[in-house]
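**Student:** Mind looking over this structure? Questions follow.
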Amino acid sequence: MMSTILVTGASGQLGSEIRERSVRYSGYTFVFTDTGELDVTDAEATAVFIAELSPSWIINCAAYTAVDKAEDDEETATLINAGGVENIVNALMGSDCRLIHISTDYVFDGTSPVPYLENDIPSPDSAYGRSKLAGEKAAMGWPQTVIIRTSWLYSSYGNNFVKTILSKAGSLRSINVVFDQAGSPTYAADLASAILEIISGVIQNRYVFVPGIFNYSNEGVCSWYDLAREIVTAAGSECEVIPVRSSAYPSKVRRPAYSVLDKTRIRESYNLTIPHWRTSLNNCISKINRT
Ligand SMILES: NC(=O)c1ccc[n+]([C@@H]2O[C@H](COP(=O)([O-])OP(=O)(O)OC[C@H]3O[C@@H](n4cnc5c(N)ncnc54)[C@H](OP(=O)(O)O)[C@@H]3O)[C@@H](O)[C@H]2O)c1
Numbered sequence: 005m006m007s008t009i010l011v012t013g014a015s016g017q018l019g020s021e022i023r024e025r026s027v028r029y030s031g032y033t034f035v036f037t038d039t040g041e042l043d044v045t046d047a048e049a050t051a052v053f054i055a056e057l058s059p060s061w062i063i064n065c066a067a068y069t070a071v072d073k074a075e076d077d078e079e080t081a082t083l084i085n086a087g088g089v090e091n092i093v094n095a096l097m098g099s100d101c102r103l104i105h106i107s108t109d110y111v112f113d114g115t116s117p118v119p120y121l122e123n124d125i126p127s128p129d130s131a132y133g134r135s136k137l138a139g140e141k142a143a144m145g146w147p148q149t150v151i152i153r154t155s156w157l158y159s160s161y162g163n164n165f166v167k168t169i170l171s172k173a174g175s176l177r178s179i180n181v182v183f184d185q186a187g188s189p190t191y192a193a194d195l196a197s198a199i200l201e202i203i204s205g206v207i208q209n210r211y212v213f214v215p216g217i218f219n220y221s222n223e224g225v226c227s228w229y230d231l232a233r234e235i236v237t238a239a240g241s242e243c244e245v246i247p248v249r250s251s252a253y254p255s256k257v258r259r260p261a262y263s264v265l266d267k268t269r270i271r272e273s274y275n276l277t278i279p280h281w282r283t284s285l286n287n288c289i290s291k292i293n294r295t
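This note's numbering applies: residue 5 is where the sequence shown begins, and numbers increase by one.
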């Protein structure tokens with residue numbers, strides 16, 4: 005029987021990349037939903053939708069991702085990022101469906117001097133991070149769950165740092181960008197490919213399905229300043245990138261100063277080759293330039 009894969013929050017960055025890549029997987033039935041088709045905060049509707057579809061896999065990309073806004077509306081962030089996951093998990097009871105849930109580096113406070121491992125103790129410093137950690141706990145309520153923590157996600161779809169800097173590089177002589185936050189950017193296209201490789205590999209018995217938490221980002225480490233410089237260079241712009249401290253931008257959100265994720269577990273479990281952030285960034289910018 006053909007495996008049915010349900011993707012929630014499918015109009016976002018990651019969901020759109022999964023949709024784009026899904027055409028390469030003709031052996032599976034993909035069902036893409038966003039709030040209009042399946043609002044995951046509606047427990048009853050979620051239960052009915054999932055029971056009728058009876059998917060073999062769910063990739064939960066539905067999320068409240070407005071990190072700054074979440075500080076003033078933690079309730080809504082929690083409703084979607086944790087309540088939505090709880091509703092999905094409740095709808096799965098009695099099935100053999102596997103859940104791939106996406107989480108974030110923001111579950112950590114960023115004080116580690118070395119890359120975060122999956123079993124490091126989370127300690128979120130932001131409303132968004134707390135809501136996503138609550139979502140992880142809800143997802144763990146289903147034993148057939150893989151949680152993928154990712155960081156600094158960008159894509160040719162939606163709004164993100166790469167597209168913002170590209171736009172500023174085209175119109176401004178200089179931009180200030182913080183240099184005291186380090187992490188690893190993630191091209192959503194690479195994460196989408198990794199998720200589809202994991203699912204197809206498990207279905208084809210190339211991999212054993214191991215529930216639990218896995219980290220995924222592109223390889224390498226940089227600051228937002230380094231990333232902005234690379235974007236400006238790739239754009240062929242003369243715009244000057246000026247390094248500034250985070251304290252120059254007072255914000256309610258305490259962003260992790262260091263949020264590099266150790267990817268050994270996902271690389272070794274699923275035989276993945278993860279591209280370096282510079283390679284993927286240039287792939288994304290080339291794609292943006294073509295469209
Ligand atoms: N973006 C990042 O930098 C980043 C970093 C680390 C981890 N992550 C995680 O990675 C995942 C994917 O992120 P992304 O950047 O692709 O997010 P995104 O672009 O914001 O997409 C999220 C999608 O979820 C939809 N959604 C919101 N509420 C919903 C609901 N109640 N029911 C169903 N769908 C709903 C959104 O629709 P609307 O637009 O209509 O609200 C949107 O289409 C998320 O779990 C996020 O927390 C993101």
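Think of the CB as a built atom: it goes at the ideal place given N, C-alpha and C, for glycine as much as any other residue.
Does the region 170-185 come within contact of the region 126-140, defined as at least 3 CB pairs closer than 8 Å?
**Tutor:** With the cut-off at 8 Å, the region 170-185 and the region 126-140 do not touch.
**Student:** Tell me which residue opens and which closes the alpha helix (DSSP H) that G13 is part of.
**Tutor:** From DSSP, G13 is part of no alpha helix (DSSP H); its letter is neither H nor E.
**Student:** Per DSSP, which one or two residues make a beta bridge with G187?
**Tutor:** In the DSSP output, where bridge partners are listed per residue, G187 has C226.
**Student:** Which word fits E280, buried or exposed, when buried means at least 16 other C-beta atoms lie within 10 angstroms of its C-beta?
**Tutor:** The residue you asked about is not Glu; residue 280 is His in the sequence shown. Answer is exposed; the Cβ neighbour count stays below 16.
**Student:** So, for T33: in the same chain, excluding its five sequence neighbours on each side, which residues have a beta-carbon less than 6 Å away from its beta-carbon?
**Tutor:** Closer than 6 Å at the Cβ level, and outside the excluded window around T33, lie M6, T8.
**Student:** Measuring CB to CB, does S160 end up less than 8 Å from C288?
**Tutor:** Yes, these two residues count as a Cβ contact at 8 Å.
**Student:** Roughly how many angstroms separate the alpha carbons of I104 and D129, rounded to a whole number?
**Tutor:** I104 and D129: Cα-Cα distance of roughly 25 Å.
**Student:** Whose C-beta lies closer than 7 Å to the C-beta of S178 among residues of the same chain, with five residues either side of it excluded?
**Tutor:** So the qualifying residues of the chain are C243, E244, I246.
**Student:** Can you give the beta carbon distance from G224 to R282, rounded, assuming they're within the 8 Å contact cut?
**Tutor:** Confirmed, about 7 Å.
**Student:** When we look at the beta-carbon of Q208 and count the other beta-carbons within 10 Å, is it buried (16 or more) or exposed?
**Tutor:** Label assigned to Q208: exposed.
**Student:** State yes or no: is the C-beta of W228 nearer than 7 Å to some heavy atom of ligand 3?
**Tutor:** Summarising the ligand content, the structure contains ligand 1 and does not contain ligand 3.
**Student:** Does the beta-carbon distance from V218 to E122 come in below 8 Å?
**Tutor:** As written in the sequence, residue 218 is Phe, which differs from the Val given in the question. Contact flag set, yes.
**Student:** Using a Cβ-based criterion (distance less than 7 Å to any ligand heavy atom), does D194 qualify as near ligand 1?
**Tutor:** It does not: the Cβ of D194 is nowhere closer than 7 Å to a heavy atom of ligand 1.
**Student:** DSSP on N209, reduced to helix/strand/coil?
**Tutor:** N209 falls in the coil class under three-state DSSP.
**Student:** Do the CB positions of T108 and T154 come within less than 8 Å of each other?
**Tutor:** Yes.
**Student:** Considering only heavy atoms of ligand 1, does any lie closer than 7 Å to the CB of Q185?
**Tutor:** Q185 Cβ: outside cutoff for every heavy atom of ligand 1.
**Student:** Just tell me which of G145, P147, P189 has its CA closest to the CA of F165.
**Tutor:** With distances taken between Cα atoms, F165 lies closest to P189.
**Student:** Among V206, V44, T149, G174, whose alpha-carbon lies nearest the alpha-carbon of I235?
**Tutor:** Cα-wise, what sits closest to I235 is G174.
**Student:** Taking the alpha-carbon of D38 as reference, which of V11, I278, D46, S241 has the nearest alpha-carbon?
**Tutor:** D38 has its Cα closest to that of V11, out of V11, I278, D46, S241.
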